[in-house]
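Protein chains in written order, with our numbering: chain A, 1019 to 1657; chain B, 15 to 290.
We treat Cβ as the ideally placed atom computed from N, Cα and C, and that holds for glycine.
Have a look at the structure below, then the notes.
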Amino acid sequence: MRSSVSAWRGICKMGDHIATQTLSAAHRAAATPIVIVGHVDHGKSTLIGRLLYDTDSLQDGKLAQIVESSRKRGLAVEWSFLLDSLQIERDQGVTVDSTRIPFRLGSREFVIVDAPGHRQFLRNMITGAADAEAAVLVVDAQEGAQEQTRRHAMLLRLIGIRHVIVLLNKSDVLGFDESKIVQAESDVRQLLGRLEIEVEAVVPASARDGDNIASRSERSAWYKGPTLIEALANVPPPASRLALPFRMPVQDVYRFDGVRYVAGRIERGTVRAGDRLTIGAQGQIATVAEVCRWHAPELPVAGAGESIALRLEPDLVPDRGDLLFPADDKAAAPERSARIRTRLFWLRGEPLRVGESFTLRLATAEHDVTVASIDAVVDLDDLTLRQGDEVPPDGFAEITLAASHAVLFDPFSPGFGDGRGVLVDRHQRIVGGAPLIGPADLEDGVHAIHPTASRISAGQQAQARGHKSGVFWLTGLPGSGKSTVARVAEVSLAAQNVKATVLDGDTLRAGLCSDLGFSPEDRRENIRRAAHVAKILSESGQAVIVALVSPLQADRDLARQIVGEGFHEVFVDTPLATCEQRDPKGLYAAARAGKIPEFTGVSAPYEAPLSPELRLGADRTEAETVSELTGFVLRVVQP
Amino acid sequence: MTRTHTLAEPRVMDDLDQLEAQSIFILREAYRKLKPLSLLWSLGKDSNVMVWLARKAFMGRVPFPVMHVDTEKKFPEMYAFRDEYTKKWNLDLLLGYCPPVEEIDPSLPPAARSAARKTAGLAAMIDKHKLRGVIAGIRRDEQATRAKERVFSPRGAGHRWDVRNQPPEFWDQYATPYEDGMHIRVHPLLAWREIDIWRYIEREGIPLVDLYFAKDGKRYRSLGDQDITSPIESNAATVAEVIAELESSKTSERAGRAMDHESEDAFERLRVAGYL
């Protein structure tokens, strides 16, 4: 399957139709956040320095600081030094993290969010950009869109930025030549069109020289569009969420002085005393007895964005994460499904695969989910969708999540808080953003699987047991001593109060894997099963020692992928001659006699690990080897 | 029960309402996710606003202890303020003290070295009370290094800030990783600016130490220890006058803090080691 990303059209309802509110001049609106993104070296930081200078937003002394810093490094005035405020950044000459800087245009305030262009810093860019109302995509007029241009544009779309202004920077290099710039503009518009991003303006500019930033450039007399400042001033204020049906995810429930408060922030709509609300997926109904605030004007009503507390009648006790919504308007109810399609931006350093389990955070709700399918992966070279088994680090994809129970949600809508799913791993780390598109239908004949995850975090497990967990995968030739070393280590770990379990090849084959032979496929299946068992035991907090020949690197890589973090490859490096000489089970003799086909080391290959986390050499006594393994395990699991 | 059916409309939120609502949300997240939790009450304007916001979040009370890490070099007015409002606001106050300056890294410039005492005092309190969450009143606009902060900022063993490896933070989802020896700094005021703080103080009528207001043509814009904070030239004697002054000024708030100017990286070194 290969289709353009614009095949996404129509899947997700946009919020653009919501009317914006007109406010009196006395009202002081919050600053409009503007994110500045783009490929490295296309001039983001320079642009920000220039913007601040041109809008007279620099604090006294800042300009002198920039001049001084530039002089010290033997450079002409570098606008970007303004932002590169961390020593480490200056030393490397790159912007590390996002920074926020306020500036003002007339009566309107803006906050510039600088987002870095290095791909390994994607998570910083998202941190900076997620709350932005508009984005300036800086594109080098001569170089055109590059890899990070596409990546950032994709992210703007997925995090829901509604207004994008393109700055064709360094247009002076093209001599502000109209035909060249029109071509560059057309290329960028085509790219963004594929992502269904509506471009507010494409401004030919030079941030360094100030052309078309705050003032109109004489070098581009043919250009009739807005300067950057004009384009920014035209960005409409955020849309109001007040007119939408009420939603409040419960953040917490307090009981103070005998009164129960259901606390939360209103995602959208309004709530009044007397309103009847449905509480979460359980569907209990209560009436709002009081809208509670402290030290605020008493009002029996509250609207989107307010953090309030409600008293309910009857005095029910909702759970954190329960969604409150209008009880008497079926049309205003949220979606409800245990299988949800999402658009994913993946932030973990390792790829994502089907079958992995996470917590899906949705506002204050947390749901156990498993990746049921990877439906399409975005090819960043041309922004097309293709089939794929995994989502690479920093990649984008459409995936289906299966929850253990029905989830209430509203589909993602740019500019609103709806459907902003975030995936969290069992260490409570955020590993991806997953805007929810809608319920996923099951194909006929497919049995829906809804795995559940433990509610006990890795940290709690470690605290209860007094040590962390881990998987120690011993690989080596038959007769290399894996099982023996593992079993003795198990005893000495127990003596140190570390709960260890050994998964030994022959023992597994006598039970769990008794249906398997020794063909490459069966060996792989054997390893797959062992890895899954090891993962379960490890998640229960144990140190798991696996003793399996596991001769192929690809199979051990599979095990590493299944187990994930906490996998340690241990190479029991006993030479073939020694193993054959020991031959405790008489297997080598049998293999040499041709009685055992595909015997590793004799008639089947053994691929030694190239970079195991630990190598146990044969030049030591058994006791030394055991103590080396035990020491390694202890270093990993002990706090 | 009487039901009030009304056609009243919700008020339109202005910028302070939005900042307040976001800070309340953050404080409620911290209270729910991080236990034990404590709020750093430096007695300055920002931390008073923070205590006030906590009372907003929890219907008039602060349901966790507040912590004052005392350098024993504060102005006497500050100690008087502390004692008065601990009672008035019904605060559960934890007191900590800072080690003498002789015990601090001598390679730091003098004022930074003096400020680092606070870091050591704070670290001792975090360990003593086994805190998982510490609420601190830093703001992005104060200092460039603070602009890089997260709302929930994990501190590894030894309380160190790993500025190059911060978690992603978006859509109001805060990561709460946990390992032994780790705690999380929570920053409910990160998005506030100095002027917002003052406008909020005015709107809410939040009490402050008098040192912020001009006497004999001088006032303090920021309050640290007596020996490393200096007053600015000012005639602003009321909250409204301070706001007017700030609206016409472009000088940095921490200009009176000596350690920010000793060397380019002094402040960052302090922060990596756990300074606020």
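Item: Cross-chain neighbours of Phe1274 of chain A in chain B, by beta carbon under 9 Å; Value: Phe72, Met73, Gly74, Arg75, Pro77
Item: Euclidean distance between Cα positions of Gly147 of chain B and Ser52 of chain B; Value: 6 Å
Item: Chain-ordered residues of the region 1047-1072 of chain A with a beta carbon less than 8 Å from chain B; Value: Ala1047, Ala1048, Ala1049
Item: Beta-carbon gap between Arg985 of chain A and Pro1457 of chain A smaller than 9 Å; Value: The structure shown does not extend to residue 985 of chain A, since chain A is modelled only from 1019 through 1657, so no value can be given for it.
Item: Short Cβ contact (9 Å threshold) for Ser1224 of chain A with Asp1190 of chain A; Value: yes
Item: Below-9 Å beta-carbon distance, Ala150 of chain B vs any chain A residue; Value: no
Item: CB contact flag (Ala1622 of chain A, Phe1589 of chain A, <9 Å); Value: no
Item: Beta strand (DSSP E) runs wholly inside the region 1513-1554 of chain A, at least 3 long, in chain order; Value: 1518-1522
Item: Chain-ordered residues of the region 176-191 of chain B with a beta carbon less than 9 Å from chain A; Value: Val177, Arg178, Gln180, Pro181, Pro182, Glu183, Phe184, Trp185, Asp186, Gln187, Tyr188, Ala189, Thr190, Pro191
Item: DSSP-derived helix/strand/coil call for Ser1375 of chain A; Value: strand
Item: Short CB-CB distance (under 9 Å) between Tyr45 of chain B and chain A; Value: yes
Item: Within chain A, partners of Met64 of chain B - CB distance below 7 Å; Value: The premise fails here: Met64 of chain B is roughly 15 Å from chain A at the closest Cβ pair, so nothing lies under 7 Å.
Item: Residue from B:Glu86, B:Ala205, B:Tyr226 whose Cα sits closest to the Cα of Arg154 of chain B; Value: B:Ala205
Item: Stretch-stretch touch, CB-based, cutoff 8 Å, three pairs: the region 1535-1543 of chain A with the region 1582-1602 of chain A; Value: no
Item: contact_flag[the region 174-184 of chain B, the region 1138-1151 of chain A] where n(CB pairs < 8 Å) is 3 or more; Value: yes
Item: Exposed unless 16 or more other CB atoms sit within 10 angstroms - verdict on Ile1326 of chain A; Value: buried
Item: Val1564 of chain A (DSSP reduced to helix, strand or coil); Value: strand
Item: Cross-chain neighbours of Arg207 of chain B in chain A, by beta carbon under 8 Å; Value: Pro1120
Item: C-beta neighbour in chain A for Ile140 of chain B, strict 9 Å; Value: no
Item: Beta carbon of Glu1308 of chain A nearer than 9 Å to that of Arg1283 of chain A; Value: no
Item: Near-chain B residues of the region 1415-1438 of chain A (beta-carbon distance less than 7 Å), N- to C-terminal order; Value: Arg1438
Item: Collapsed DSSP secondary structure at Gly135 of chain B in the structure displayed; Value: helix
Item: Glu1368 of chain A vs Val1442 of chain A beta-carbon contact at 9 Å; Value: no
Item: Contact with chain B by Leu1104 of chain A, beta-carbon distance below 9 Å; Value: Note that Leu1104 of chain A scores 38 on pLDDT, short of 50, meaning its location in the model is unreliable; the coordinates nonetheless yield the value given after this. Yes, Leu1104 of chain A lies at the interface with chain B (some Cβ there is under 9 Å from its Cβ).
Item: One or two residues paired with Lys232 of chain B in a DSSP bridge; Value: B:Lys229, B:Glu247
Item: Terminal residues of the alpha helix (DSSP H) in which Gln1479 of chain A lies; Value: 1476-1483
Item: Cα-Cα separation, Glu117 of chain B to Ala130 of chain B; Value: 10 Å
Item: Within 9 Å of chain B by C-beta, residues of the region 1312-1335 of chain A in sequence order; Value: Trp1312, His1313, Ala1314, Pro1315, Leu1317, Pro1318, Val1319, Ala1320, Gly1321, Ala1322, Gly1323, Glu1324, Ser1325, Ile1326, Ala1327, Glu1331
Item: Interface partners of Val1658 of chain A on chain B, CB under 9 Å; Value: No information on residue 1658 of chain A is available, as it lies outside the stretch 1019 to 1657 that chain A covers here.
Item: Rounded straight-line distance, which links the Cα of Val165 of chain B to that of Thr85 of chain B; Value: 26 Å
Item: Residue-chain proximity (Ile38 of chain B, chain A), Cβ-Cβ < 9 Å; Value: yes
Item: Near-chain B residues of the region 1341-1364 of chain A (beta-carbon distance less than 8 Å), N- to C-terminal order; Value: none
Item: For Ala1320 of chain A and Lys132 of chain B, the rounded distance between their alpha carbons; Value: 42 Å
Item: Best match in A:Leu1521, A:Leu1262, A:Ser1510, A:Arg1483 for proximity to Ile1563 of chain A [C-alpha to C-alpha]; Value: A:Leu1521
Item: Endpoints, the beta strand (DSSP E) within which Cys1310 of chain A is located; Value: 1302-1310
Item: Beta-carbon proximity of Lys1486 of chain A to Val1655 of chain A, cut-off 9 Å; Value: yes
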